[in-house]
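2 protein chains.
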Amino acid sequence: MNTLSYGLLALLTRGPRSGYELMQQIQPIWQAKHSQIYPLLALMEKRGFVHYVPVAQKDKPDKKVYSITGEGLDALREWVPEPTGEPVKRDEMLLKTYCIGLIGSDQARRLFEDRIQMYRGKLEKYRRMIEELGSETETAVTEGHIEHPCFGSYILLKRAVANAQSDLDWCRWVLELIHLNHIGSVEK
Amino acid sequence: MNTLSYGLLALLTRGPRSGYELMQQIQPIWQAKHSQIYPLLALMEKRGFVHYVPVAQKDKPDKKVYSITGEGLDALREWVPEPTGEPVKRDEMLLKTYCIGLIGSDQARRLFEDRIQMYRGKLEKYRRMIEELGSETETAVTEGHIEHPCFGSYILLKRAVANAQSDLDWCRWVLELIHLNHIGSVEK
DNA sequence: TTAGTCATGTAAGTGGTTACATGATTAG
DNA sequence: CTAATCATGTAACCACTTACATGACTAA
Chain A
2 MNTLSYGLLA LLTRGPRSGY ELMQQIQPIW QAKHSQIYPL LALMEKRGFV HYVPVAQKDK
62 PDKKVYSITG EGLDALREWV PEPTGEPVKR DEMLLKTYCI GLIGSDQARR LFEDRIQMYR
122 GKLEKYRRMI EELGSETETA VTEGHIEHPC FGSYILLKRA VANAQSDLDW CRWVLELIHL
182 NHIGSVEK
Chain B
2 MNTLSYGLLA LLTRGPRSGY ELMQQIQPIW QAKHSQIYPL LALMEKRGFV HYVPVAQKDK
62 PDKKVYSITG EGLDALREWV PEPTGEPVKR DEMLLKTYCI GLIGSDQARR LFEDRIQMYR
122 GKLEKYRRMI EELGSETETA VTEGHIEHPC FGSYILLKRA VANAQSDLDW CRWVLELIHL
182 NHIGSVEK
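Chains as they are written, first to last, in the numbering used here: chain A, 2 to 189; chain B, 2 to 189.
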């Protein structure tokens with residue numbers, strides 16, 4: 002049982018889902034491909050943490066709809082309060098930033114402009130997702146209704162927005178510095 | 002040549018370093034253990050991107066001091082302007098947050114308080130590192146001197162501080178929500 | 001005397017990505 | 001007619017972690 006397994010169990014606490022749906026819904030929280038998820042689900046089923054019912058579909062391939070079992074819920078409840086591992090972040094951009102002086106300021110500008118575009122796209126996506134949760138959810142959560150089924154989703158989205166915004170602001174600040182440098186070198 | 006290799010090359014643009022020093026200095030930018038770095042350095046040496054001189058030490062084990070070669074610098078200059086891969090973040094805390102309703106509010110509080118402590122520690126560390134760079138560096142960088150040897154380090158530290166601060170603020174906000182919930186349930 | 005730092009390496013195992021494989025339906 | 005979505009799976013590979021291994025010096 003690795004971290005991803007607990008992530009899948011966490012999603013299943015909201016109701017039954019197919020492997021395909023789990024694969025899509027885990028993405029914003031934990032990046033994983035279907036090739037990692039399908040074998041894991043099979044393993045978890047063998048160990049009794051989840052079970053599935055095959056569902057035949059017309060016009061679409063058949064699917065397996067998974068649910069969390071009592072055992073699975075117990076395991077999840079035990080795991081959540083345990084000491085949390087340090088977050089792991091890997092971003093090529095940090096390495097490139099470290100040696101940004103190696104390339105011309107025009108190329109450097111492109112690099113950061115591309116990043117800004119990426120963060121803008123993410124921010125829009127998150128804002129759409131918050132809208133989808135509805136304003137009733139928003140007021141319920143900000144009043145402290147932890148038991149609301151969307152509590153987790155909402156506060157995670159808030160965090161994602163704050164992170165993207167802070168990284169975007171940083172990119173803009175670096176662009177300003179590059180601009181200052183360019184002006185300085187022209188004046189010479 | 003994977004991403005970590007370019008990270009090591011990036012560090013070596015600042016001057017020669019031993020494998021051990023590289024291992025320590027890459028940590029804030031890219032997490033990697035010595036067991037991954039030493040074989041990589043050997044491979045990069047075989048391919049001509051770096052070379053080393055063995056340095057004998059008294060009172061300490063001997064070491065290999067690596068430098069970047071012309072070939073290595075060329076490879077790095079080619080890599081930096083290339084399209085940048087999406088950042089990967091994996092944080093157990095997000096999964097736990099998603100199903101925070103499963104545990105009691107006292108346990109939930111502990112989880113977030115521990116995190117706040119972690120971020121506080123990180124922030125202090127980053128602030129010490131910025132201090133070490135010196136206030137002359139700070140003014141030089143904020144005036145846009147990209148060519149300054151500490152430019153990359155400084156702007157990366159600024160980003161790390163902003164990230165930690167935004168995550169810390171989020172944790173505090175979640176604690177407030179948990180507190181609101183607790184008060185609400187007591188009044189009932 | 002125990003733990004920590006410096007310093008390098010290998011071996012085994014886990015976690016994660018890419019590619020291979022199939023196949024029907026739908027939208028541009 | 002091409003690409004995307006739905007849906008599941010396996011195989012090979014790469015990236016990363018943990019554990020094994022050694023050894024001298026230093027500070028609590």
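Beta carbons are placed, not taken as given, at the ideal position from N, Cα and C, and that holds for glycine.
Residue i versus residue j - alpha carbon distance
i	j	result
V51 of chain B	E72 of chain B	8 Å
P40 of chain A	M24 of chain A	12 Å
V54 of chain A	S36 of chain A	20 Å
D92 of chain B	I69 of chain A	22 Å
Q26 of chain B	G20 of chain B	10 Å
S106 of chain B	C172 of chain A	38 Å
S167 of chain B	D168 of chain A	10 Å
R58 of chain B	R18 of chain B	With the sequence shown as reference, residue 58 of chain B is identified as Gln, and Arg is not the correct amino acid for it. The straight-line gap from Cα to Cα measures roughly 15 Å.
M45 of chain B	I101 of chain A	22 Å
P62 of chain A	L12 of chain B	50 Å
T14 of chain A	T98 of chain B	13 Å
L74 of chain B	G153 of chain A	46 Å
K34 of chain B	L10 of chain B	16 Å
S186 of chain B	G49 of chain A	34 Å
K80 of chain A	I38 of chain B	This sequence places Trp at residue 80 of chain A; Lys is not what is there. In a straight line, the C-alpha of W80 of chain A is about 32 Å away from that of I38 of chain B.
E133 of chain B	I117 of chain B	24 Å
D60 of chain A	L42 of chain B	53 Å
R78 of chain B	T140 of chain B	27 Å
W174 of chain A	K189 of chain A	23 Å
L112 of chain B	D170 of chain B	15 Å
Y67 of chain B	R160 of chain B	28 Å
G16 of chain A	E22 of chain B	49 Å
In DSSP terms, what residue i is bridged to
i	result
H183 of chain A	Looking at the DSSP assignment, H183 of chain A forms no beta bridge with any residue, so it has no partner.
V51 of chain B	B:I69
P154 of chain A	A small correction: the amino acid at residue 154 of chain A is Ser; Pro does not occupy that position in the sequence shown. DSSP, once it has assigned bridges, lists no residue as partnering S154 of chain A.
S19 of chain A	A:V66
K90 of chain B	A:K90
V56 of chain B	B:K64
Counted within 10 angstroms of its Cβ, other Cβ atoms place residue i as buried (16 or more) or exposed
i	result
G145 of chain A	buried
L158 of chain A	buried
R128 of chain B	exposed
I1 of chain B	Outside the shown range of chain B, which is 2 to 189, sits residue 1 of chain B, and nothing can be said about it.
Rounded Cβ spacing between residue i and residue j (contact assumed at less than 8 Å)
i	j	result
L96 of chain B	Y7 of chain A	6 Å
P82 of chain B	Q108 of chain A	4 Å
A76 of chain A	M2 of chain A	7 Å
L103 of chain B	V162 of chain B	That belief does not hold up - the Cβ atoms of L103 of chain B and V162 of chain B are roughly 33 Å apart, past 8 Å.
I179 of chain A	R110 of chain A	6 Å
C151 of chain B	T143 of chain B	With a Cβ gap of about 12 Å, C151 of chain B and T143 of chain B do not count as contacting.
N164 of chain B	I147 of chain A	About 26 Å; that fails the 8 Å criterion.
K47 of chain A	V56 of chain A	Contact flag wrong, Cβ pair sits at about 20 Å.
K90 of chain B	K90 of chain A	5 Å
Nearest candidate by alpha-carbon position, reference residue i, set the options
i	options	result
H149 of chain B	B:A161, B:P17, B:V162 and B:G135	B:G135
L5 of chain A	A:Y120, A:W31, A:S106 and A:R18	A:W31
L176 of chain B	B:D115, B:A57, B:V142 and B:A141	B:D115
G94 of chain B	A:T98, A:Y99, A:P84 and A:M94	According to the sequence shown, residue 94 of chain B is Met rather than Gly. That would be A:P84, whose Cα lies nearest to the Cα of M94 of chain B.
M119 of chain A	B:G49, B:E87 and B:R48	B:E87
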